[in-house]
Every structure is written in structure tokens, then in C-alpha cells.
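Using our numbering, read the sequence shown as starting at 33 and increasing by one per residue. Single-structure report; data block below.
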Amino acid sequence: MIGAATGIGRAAAVQFVDNGADIVIADINLPAAEETIASLARSGRHASAVTCDVRDEASVRDAVSTAASQMGGIDTLVFFAGLQKLGHAEQFAAADWDAVFDVNARGTFLATKYAVPFIRRAGGGSVITTSSLAGLRGAPGMTGYAAAKGAVIAYTVAL
Numbered sequence: 033m034i035g036a037a038t039g040i041g042r043a044a045a046v047q048f049v050d051n052g053a054d055i056v057i058a059d060i061n062l063p064a065a066e067e068t069i070a071s072l073a074r075s076g077r078h079a080s081a082v083t084c085d086v087r088d089e090a091s092v093r094d095a096v097s098t099a100a101s102q103m104g105g106i107d108t109l110v111f112f113a114g115l116q117k118l119g120h121a122e123q124f125a126a127a128d129w130d131a132v133f134d135v136n137a138r139g140t141f142l143a144t145k146y147a148v149p150f151i152r153r154a155g156g157g158s159v160i161t162t163s164s165l166a167g168l169r170g171a172p173g174m175t176g177y178a179a180a181k182g183a184v185i186a187y188t189v190a191l
């Protein structure tokens with residue numbers, strides 16, 4: 033589970049474990065990921081945390097490899113990492129556009145690039161990505177975020 037240290041990702045991690053899943057949380061915020069893992073200790077399921085910066089290909093590759101090693105493979109990838117910066121096109125800095133796409137769209141690509149081979153070796157499984165209604169409809173002031181989440185939707189369908 034990438035990006036599951038806090039927020040919706042954390043809530044999903046709790047639900048996965050409560051329903052019998054073993055998980056590895058890969059997140060840029062390792063202390064928060066470890067806190068989430070500690071809260072799951074009562075479950076008796078395998079739950080561990082690794083550092084992962086989805087903007088860095090080597091970090092994603094290493095996190096996925098570590099998760100596969102710890103779990104004996106991967107049958108499910110859940111991608112929650114996200115970044116939202118607001119602004120209209122004429123106000124939006126190119127660096128902010130790049131940052132939003134790096135985390136949301138490129139991060140999704142990198143996670144699947146490295147996890148899908150493990151999922152195939154497991155005989156199949158699931159890839160779960162997260163997007164937003166903004167990715168379907170757009171919204172005023174959400175130019176970069178809506179475009180990046182739209183890219184996530186199209187990419188996921190293309191998988």
C-alpha cells in the first residue's frame with residue numbers, strides 16, 4: 033500500500049488488515065507509516081513499513097522489491113499517494129504542475145511498473161489506484177490536480 037501512512041490510505045490499511053490482509057505500507061513519511069503499523073499490531077497480521085518517495089524511481093523500485101521480499105510476493109497494489117495544489121492555469125506555476133504530476137500520475141506509473149511483474153508471477157491479483165471526481169469532471173481552480181487525476185484514470189483503464 034503506497035501512501036497509506038495517513039488519511040484515506042491509513043483508513044484503508046486498517047480495513048485491509050481487519051479483513052485478513054497482510055500489508056506493507058510504503059510512504060515518504062516513515063514515522064507516520066510506523067505509527068499506523070503500530071496501531072495494527074493487535075491484528076496478528078503481518079504489517080510493516082518502508083520508506084518510499086514516489087517521485088524517485090529507485091525509491092519505488094526498492095520499496096516494491098522490499099515488500100515482495102517481506103511478503104513472499106505481491107498480489108495486490110494499492111496506490112494512495114497524492115498531492116494537490118490549487119490554482120487557475122494562468123496562476124499555476126510550472127513547478128507546481130510538475131510536482132502534482134510527479135506524485136499523482138508518474139507515481140502511479142512507477143508503482144505499477146514495479147509491482148505488476150510480481151502480481152503476474154503470483155498468478156494475478158489487483159491494482160487499485162485512487163483518483164478524484166476532479167479527474168472526471170475538472171473543477172475551477174484545480175487545473176493541475178484535475179489533469180493529473182484524469183491521467184491516473186486513463187492510465188488505470190489502459191492497464
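Cβ atoms here follow ideal geometry from the backbone N, Cα and C, with glycine treated the same way.
- Within the same chain, and ignoring the five residues on either side of T140 in sequence, the residues whose Cβ sits closer than 7 Å to its Cβ are F111, T161, V184, Y187.
- Between the alpha carbons of A178 and R138 lies a distance of about 14 Å.
- DSSP, read as helix, strand or coil, puts L115 in coil.
- With respect to A37, D59 sits close: the two C-beta atoms are nearer than 8 Å.
- Restricting attention to R169, G170, A147, the CA atom closest to the CA of S91 is found in A147.
- Between the segment 162 to 178 and the segment 106 to 123 there are three or more C-beta pairs closer than 8 Å, enough to call the two in contact.
- In the three-state reduction of the DSSP assignment, S163 falls in the coil class, being assigned neither a helical nor a strand state.
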